[in-house]
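The numbering of the sequence shown is this note's numbering, which starts it at 15 and goes up by one.
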Amino acid sequence: MISLTISRASIVCAVCGLFVPVLLGVGGSAHAQTADNAHRIFDSTNQDRQEHGLPALRWDDALARAARAHADRMVQERTLSHQYSGEPELTERGSAAGAHFRAIAENIATGPSPAAINDEWMHSPSHRTNILDPKMDALGVAVVEHGGSLYAVEDFEQSSQQLTIEQVERRVRELMRARGVDASADAGPAEEACASGRGIPPGTNARSIVRFETPDLSQLPSQIVDVITSRNFKKAAVGACAPGSSQANFTTYRVAILFY
Numbered sequence: 015m016i017s018l019t020i021s022r023a024s025i026v027c028a029v030c031g032l033f034v035p036v037l038l039g040v041g042g043s044a045h046a047q048t049a050d051n052a053h054r055i056f057d058s059t060n061q062d063r064q065e066h067g068l069p070a071l072r073w074d075d076a077l078a079r080a081a082r083a084h085a086d087r088m089v090q091e092r093t094l095s096h097q098y099s100g101e102p103e104l105t106e107r108g109s110a111a112g113a114h115f116r117a118i119a120e121n122i123a124t125g126p127s128p129a130a131i132n133d134e135w136m137h138s139p140s141h142r143t144n145i146l147d148p149k150m151d152a153l154g155v156a157v158v159e160h161g162g163s164l165y166a167v168e169d170f171e172q173s174s175q176q177l178t179i180e181q182v183e184r185r186v187r188e189l190m191r192a193r194g195v196d197a198s199a200d201a202g203p204a205e206e207a208c209a210s211g212r213g214i215p216p217g218t219n220a221r222s223i224v225r226f227e228t229p230d231l232s233q234l235p236s237q238i239v240d241v242i243t244s245r246n247f248k249k250a251a252v253g254a255c256a257p258g259s260s261q262a263n264f265t266t267y268r269v270a271i272l273f274y
């Protein structure tokens, strides 16, 4: 009999610790079998995606570390859950393991074999949704054997690129120019406004300010577009800064735009 559960999560962040592995046997063969089982599930997941016209997921070591820590905890607890007492939630575990993501999701299960676990996931609507999610592009898998059963964890992510402050500002300027706004004004006051979180900095003749925080720099947020289209602003300054403390462990971008 296979037991399973699921959780889908939006991006948040914190710091978590890893748990000590719990394994039957500590020899090289046991570790090799554990890794083989994880890669069998990884390969089966990609086969399922390809059969549905979706690109294969790349293996992500950070996600695999997060998955392994949780699989070890599942063995310790002898129950299935996405978060045990005193354990950080999925997004926090992924961030602490070094993953950078715009979205993250998880499948967990116990079962007799990798094939049986994968088959059961594919026959469960919620698990199948994670496997066939077109937004996801990376996967880490961990499997721990205990008491004749396999404890399996799949952690999926939609990856997010790490950018410097200068790269963020350059990207936002490009998006502004595409909307007909000259965003070449001095970034200094906008960076100050971004970091302070307060109004328009003194000493500047900016007429309006908009701040936003986002994991996606492929397009301008709707509030920026609304300001551009509703008012006759022809010049702007773009300033980026470090994200808020609640967002510090995963990829997000914090920006202030001063309009003149």
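All C-beta atoms in this analysis are idealised placements derived from N, C-alpha and C, irrespective of residue type, glycine included.
Ordered along the chain, which non-local residues of its own chain (more than five positions away) have a Cβ less than 8 Å from that of residue i?
i, result
"L231", "L177, V182, R185, V186, L189, Y267"
"R63", "P69, A70, L71, I145, L146"
Pick from the options: whose alpha carbon is nearest that of residue i?
i, options, result
"V195", "F247, E205, P203", "F247"
"E103", "M136, D62, A80", "A80"
"D169", "T59, G112, L77", "L77"
"S210", "D200, H114, R225, R221", "R225"
"E159", "E205, N144, G125, D200", "G125"
"N121", "E227, A52, V241", "A52"
"A85", "H141, E134, V157", "V157"
"E227", "P216, P203, T265, N219", "T265"
"D74", "R87, M150, G161", "M150"
"A152", "F115, I242, A199, F273", "F115"
"F273", "T105, A199, R212", "A199"
In whole angstroms, give me the CA-to-CA distance for residue i and residue j.
i, j, result
"A123", "A110", "23 Å"
"A250", "A166", "51 Å"
"A280", "L234", "Because residue 280 is not part of the residues shown, which for the chain are 15 to 274, the question remains open."
"P229", "T93", "34 Å"
"R221", "A119", "42 Å"
"A197", "S244", "17 Å"
"S1", "S163", "Outside the shown range of the chain (15 to 274) lies residue 1, about which nothing can therefore be said."
"E65", "A270", "44 Å"
"F56", "P69", "13 Å"
"A254", "S58", "42 Å"
"I214", "D240", "19 Å"
"A207", "E180", "16 Å"
"E101", "Q237", "37 Å"
"Q97", "D50", "26 Å"
"H141", "N219", "53 Å"
"R54", "N60", "10 Å"
On the criterion of 16 or more Cβ atoms from any shown chain inside 10 Å, does residue i qualify as buried, or is it exposed?
i, result
"A256", "exposed"
"P148", "exposed"
"H137", "exposed"
"A129", "exposed"
"S43", "In this prediction, S43 has a pLDDT of 41, which is less than 50 and means its spatial position is unreliable; nothing more can be read from the coordinates."
"N144", "buried"
"S174", "buried"
"V89", "buried"
"E91", "exposed"
"P203", "buried"
"G108", "buried"
"R87", "buried"
Am I right that residue i and residue j are in contact with their C-beta atoms under 8 Å? What's the rounded C-beta distance?
i, j, result
"A117", "Q172", "4 Å"
Output needed for residue i: all residues of its chain with C-beta closer than 7 Å, excluding positions within five of it in sequence on either side, in chain order.
i, result
"A201", "E183, A251, V252, G253"
In chain order, what residues of the same chain have a beta carbon less than 6 Å from the beta carbon of residue i, not counting five sequence neighbours either side?
i, result
"G154", "D74, L77, A78, A81, D169"
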